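Report on the structure given below.
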Amino acid sequence: MLQLKKSRLLKGGIVPMEASKSECNRALVINALAPSPAKIENISQARDSQTMIRLLEEDGPVWDVLDAGTTMRFLTAYAALTNREKTMTGTERMQERPIGILVDALRSLGAEIEYLNQEGYPPMKIKGFQAQQSEVIEMRGDTSSQYISAILMCAPMLPKGLELRLTGDINSRPYIEMTIDLMAKFGVSVEEADERTFRIAPQTYHTDQFAVESDWSGASYWFSAVALQKDSELFLNGLRSDSTQGDKAIIELMQPLGVEAKFEEGGLRIWNSGKVTQEAVVFDFNKCPDLAQTVAVVCGALGVNAHFKGVQSLRIKETDRTLALQEQLTKFGVSIEPVNDPYEFTISPNPEGFPTEHNPLINTYEDHRMAMAFAPLSLLMDLQIEEKEVVKKSYPHFWEDLKKVTEQA
Numbered sequence: 001m002l003q004l005k006k007s008r009l010l011k012g013g014i015v016p017m018e019a020s021k022s023e024c025n026r027a028l029v030i031n032a033l034a035p036s037p038a039k040i041e042n043i044s045q046a047r048d049s050q051t052m053i054r055l056l057e058e059d060g061p062v063w064d065v066l067d068a069g070t071t072m073r074f075l076t077a078y079a080a081l082t083n084r085e086k087t088m089t090g091t092e093r094m095q096e097r098p099i100g101i102l103v104d105a106l107r108s109l110g111a112e113i114e115y116l117n118q119e120g121y122p123p124m125k126i127k128g129f130q131a132q133q134s135e136v137i138e139m140r141g142d143t144s145s146q147y148i149s150a151i152l153m154c155a156p157m158l159p160k161g162l163e164l165r166l167t168g169d170i171n172s173r174p175y176i177e178m179t180i181d182l183m184a185k186f187g188v189s190v191e192e193a194d195e196r197t198f199r200i201a202p203q204t205y206h207t208d209q210f211a212v213e214s215d216w217s218g219a220s221y222w223f224s225a226v227a228l229q230k231d232s233e234l235f236l237n238g239l240r241s242d243s244t245q246g247d248k249a250i251i252e253l254m255q256p257l258g259v260e261a262k263f264e265e266g267g268l269r270i271w272n273s274g275k276v277t278q279e280a281v282v283f284d285f286n287k288c289p290d291l292a293q294t295v296a297v298v299c300g301a302l303g304v305n306a307h308f309k310g311v312q313s314l315r316i317k318e319t320d321r322t323l324a325l326q327e328q329l330t331k332f333g334v335s336i337e338p339v340n341d342p343y344e345f346t347i348s349p350n351p352e353g354f355p356t357e358h359n360p361l362i363n364t365y366e367d368h369r370m371a372m373a374f375a376p377l378s379l380l381m382d383l384q385i386e387e388k389e390v391v392k393k394s395y396p397h398f399w400e401d402l403k404k405v406t407e408q409a
């Protein structure tokens with residue numbers, strides 16, 4: 001457990017943003033597919049990325065991804081389409097996270113995969129890939145974009161190429177675009193026939209070196225901190241205006257919550273404008289679901305009524321994030337009510353005002369984003385975080401960075 005004492009942000013504090021886990025994991029898989037691997041700089045220190053590196057270097061028959069969702073999905077496709085025999089497994093929670101859509105797609109291409117426990121869920125035994133069975137496959141677009149990215153990255157290895165067609169609504173499109181952009185930086189082109197049809201010819205990945213971009217998901221917690229303290233200002237080092245990361249949307253999402261932003265040389269300056277909306281706000285997280293927890297906590301703390309859309313994937317993350325938010329925000333008198341469940345919910349603030357005189361314990365559910373989404377509340381009150389080590393999954397230096405830019409109130 002971590003005890004956070006009430007603190008305040010140091011004006012003009014500088015946060016050295018860490019490398020993007022999402023971009024790093026894609027680059028690692030693409031690089032592993034290249035005949036001559038490139039030098040990758042600014043590799044993420046997140047546990048998910050370090051797990052990816054470790055497994056790609058291992059020759060053993062079992063790949064245990066721990067709790068890393070991207071690692072599970074990307075390496076399942078990588079092993080299957082490069083004809084590696086592997087048993088894919090992970091933590092108890094990982095074995096509760098569905099993977100059937102990806103496995104069905106890989107099977108249709110010619111991969112032989114057997115579930116070892118529950119149908120549609122890890123662990124699985126990948127038995128090989130002898131011959132390509134199809135040149136055209138369909139996948140649902142309304143679940144995890146990681147399934148789609150996994151197929152896209154490995155498609156250039158297919159001897160007949162691939163046409164991938166997405167059906168239904170498409171969630172988290174920026175992550176698909178990130179994947180295509182990274183493939184291009186490694187010399188592989190993807191033809192987008194329309195917004196849901198992708199054609200990939202057989203090609204070879206190649207580049208000399210690649211530097212991973214700083215992480216916008218991690219940046220969201222500093223937006224939250226600035227929103228919670230009047231007259232505050234931070235500089236987020238390393239963020240780029242031309243980023244393809246979907247979580248760059250935090251700039252627009254935080255404007256009605258009183259945060260303004262401006263790109264400057266070397267990064268992004270953010271400050272509290274003092275202009276918090278008095279109207280109910282509708283937020284759409286269809287393209288950036290990992291930001292929902294952060295924004296939800298800020299809305300509750302600032303007394304903003306909000307309607308959250310595009311949150312269906314929250315239920316299949318590291319925990320059921322919708323339920324986790326409900327349980328933890330209730331401790332502050334903030335209510336979350338499902339609307340068109342699981343796609344939407346509303347947030348209603350405490351009618352008596354956000355309480356700041358107690359020292360609540362925030363349960364994290366072994367979810368890194370629960371810990372970091374609630375941590376900025378320490379600018380308003382004493383606060384306890386149940387499992388401080390969970391941040392290692394994506395932002396291992398988070399607590400150190402928080403200490404650098406705050407002082408006890």
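Sequential numbering from 1 applies to the sequence shown in the numbering used here. Idealized CB from N, CA, C, for every residue including glycine. Since the model is a prediction, treat every value here as computed from it, not as a measurement.
Would you mind giving the Cβ-Cβ distance between residue i and residue j, rounded to the nearest angstrom? I have them listed as a contact below 8 Å.
| i | j | result |
| --- | --- | --- |
| Y395 | E18 | 6 Å |
| M72 | M94 | 6 Å |
| W63 | L75 | 6 Å |
| V304 | V281 | 6 Å |
| E318 | D67 | 6 Å |
| W216 | K248 | 5 Å |
| T356 | I385 | Actually they do not touch by this definition, with Cβ atoms about 17 Å apart. |
Could you say which of the options lies nearest to residue i if we only look at CA atoms?
| i | options | result |
| --- | --- | --- |
| G161 | F186, A131, D169 | A131 |
| S378 | D59, L55, A225 | A225 |
| D169 | A280, T89, R196 | R196 |
| A32 | A79, L380, D48 | A79 |
| T143 | Q408, T356, P342 | P342 |
| L55 | P37, K6, K39, T87 | T87 |
| A46 | G69, L361, I250 | G69 |
| A105 | K5, A155, D367 | A155 |
| G13 | E191, F235, S20 | F235 |
| I77 | D59, R26, L314, Y365 | Looking at the sequence provided, one finds Ala at residue 77 rather than Ile. Of the candidates D59, R26, L314, Y365, the one whose C-alpha sits nearest the C-alpha of A77 is R26. |
| G218 | K6, K393, T406 | K393 |
| N117 | E92, C288, A211 | E92 |
Indicate the three-state DSSP secondary structure (helix, strand or coil) for residue i in the structure shown.
| i | result |
| --- | --- |
| M381 | coil |
| H368 | helix |
| P16 | strand |
| R196 | coil |
| L9 | strand |
| V136 | strand |
| L109 | helix |
| N25 | helix |
| F263 | strand |
| V304 | coil |
| I43 | coil |
Report yes if the CB atom of residue i is closer than 8 Å to the CB atom of residue j, and no otherwise.
| i | j | result |
| --- | --- | --- |
| I99 | R107 | no |
| A324 | D208 | no |
| L109 | Q133 | yes |
| S335 | K11 | no |
| Y121 | S149 | no |
| R8 | A409 | yes |
| L239 | G267 | yes |
| L228 | L380 | yes |
| F186 | I30 | yes |
| S20 | S214 | yes |
Can you give me the C-alpha to C-alpha distance between residue i and residue j, rounded to a whole angstrom?
| i | j | result |
| --- | --- | --- |
| F374 | A34 | 40 Å |
| A184 | P351 | 51 Å |
| E389 | K403 | 15 Å |
| E344 | H206 | 42 Å |
| F129 | A111 | 5 Å |
| Q3 | S22 | 30 Å |
| T89 | E177 | 28 Å |
| R321 | E96 | 14 Å |
| I200 | F285 | 29 Å |
| C299 | E327 | 16 Å |
| T277 | E264 | 26 Å |
| E119 | N83 | 22 Å |
| W399 | S273 | 26 Å |
| P159 | E135 | 9 Å |
| M164 | D48 | Note that residue 164 is Leu in the sequence shown, not Met. Between L164 and D48, the C-alpha separation is close to 27 Å. |
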